[in-house]
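Just below is one structure, and these are the notes that go with it.
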Amino acid sequence: MQSIFQHLTCSSAIFDTYTRRNPSQAMASFSCSSSSMMSVILLLFSVLLAAAEAPAPARSASDQIILAACKTVGGGSTYFDVTFCLGALGSAGSAAGYQDLAAVAVDLLATNATSTEAKIDRLLGGSGVKVKPGDAALARCLRWCRSLYGGIVDDGPASTAAVKGGRFGEATAILEKAAAAAKECEGRFEKSKAASPLTAEDDDAFKLAKLAVALLRFDEKLDISPRFTSSFDHSPS
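Taking UniProt numbering, the leading residue of the sequence shown gets 1, the next gets one more, and so forth.
Laid out in structure tokens, this is it:
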């Protein structure tokens, strides 16, 4: 493709130079040059047309499961949409079913909470003072959120174990608590009329918790089939 464009550019430059030096002969050779240029253009058009009509690469089994799951739980959700679900679960790798995908969402929630804790510490002066002395309301909100996210981090191992162990009721309770904590954190800033520096983190934490809950609840409704059997299921046959 690049060589075709180079040929077009060079041909144009050569013809322009030749026309300036030999105006009488240039017109005589114009017909031949035009024919050559037309051939190149037709070739370029054929290549572009073939590329446009080339079939898209086939999705892997894992990608198909993720897409189906996100359309199912995200299509009718009031908490998150299909796009958020796909973006979050795109790193699921070899997920075999909804339980696996819920475990991925739980891991992402734990990562989010850990990084948010660290961000709050930085804002409170753990690594350079970011909150001004006069921003007492902001500092209070950050300290409150630090406690809330600390709870999410502490509950992470129990949530992961519950998901992998098939104890969906226990896992759901922990995740709903995490979603409420993220919402409460953001609400603190609103009540204090302080600009929240954690809006994105709160939003992600809330949606990840709700995503995991939705996946677990849908998994409970499924009739177990080979396609959606979790990789955590190692029961003897």
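The C-beta atom is built at its ideal place from N, Cα and C for all residues, glycine as well. Quick caveat: nothing in here was measured; it's all calculated off a predicted structure.
- Shown here, SER62 sits in a helix according to DSSP, grouped into three states.
- The alpha-carbon separation between LEU123 and ASP135 amounts to approximately 12 Å.
- Secondary structure note for GLY166: it is in no alpha helix (DSSP H), with a DSSP letter that is neither H nor E.
- Inter-residue distance for ALA179 and ILE120 is about 18 Å (C-alpha atoms, whole angstroms).
- In this structure, the beta-carbon distance from ALA214 to SER91 does not fall below 8 Å.
- Between ILE174 and SER159, the alpha-carbon positions lie close to 6 Å from each other.
- A distance of 8 Å or more separates the beta carbons of ALA110 and LEU148.
- Judged by beta-carbon spacing, LEU216 lies beyond the 8 Å limit of ALA161, meaning their Cβ atoms are not closer than that value.
- Taking the CA atoms as reference points, ALA69 sits about 7 Å from TYR98.
- Annotation for TYR79: no alpha helix (DSSP H) segment contains it, and DSSP assigns it neither H nor E.
- Put simply, the backbone Cα of SER94 is about 6 Å away from that of SER62.
- Taking the CA atoms as reference points, ASP107 sits about 30 Å from LYS191.
- In the same chain as ARG146, and ignoring 5 residues on each side of it, the C-beta atoms closer than 8 Å to its own belong to GLU117, ILE120, ASP121, LEU124, in chain order.
- In this structure, LEU142 is the residue among LEU142, ASP81, THR114 with its C-alpha nearest to the C-alpha of SER196.
- Going by C-alpha positions, GLY166 is about 27 Å away from THR83.
- In the structure shown, LYS119 adopts helical secondary structure according to DSSP, grouped into three states.
- DSSP places ASP219 inside the alpha helix (DSSP H), whose first and last residues are 199-221.
- Residues of the same chain with a CB within less than 7 Å of the CB of LEU208, apart from the 5 flanking positions on each side, are ALA88, ALA105, LEU108, LEU109, ASN112 in chain order.
- The Cβ atoms of ALA212 and ALA102 lie closer than 8 Å to each other.
- Residue burial annotation: GLY74 is buried, with at least 16 other C-beta atoms found within 10 angstroms of its C-beta.
- Under a 10 Å Cβ-count criterion, ASP202 is classified as buried, with 16 or more other Cβ atoms of the shown protein chains found around its own Cβ.
- Excluding five sequence positions before and after ARG188, the CB atoms of its chain that fall closer than 6 Å to its own CB belong to CYS141, TRP144, given in chain order.
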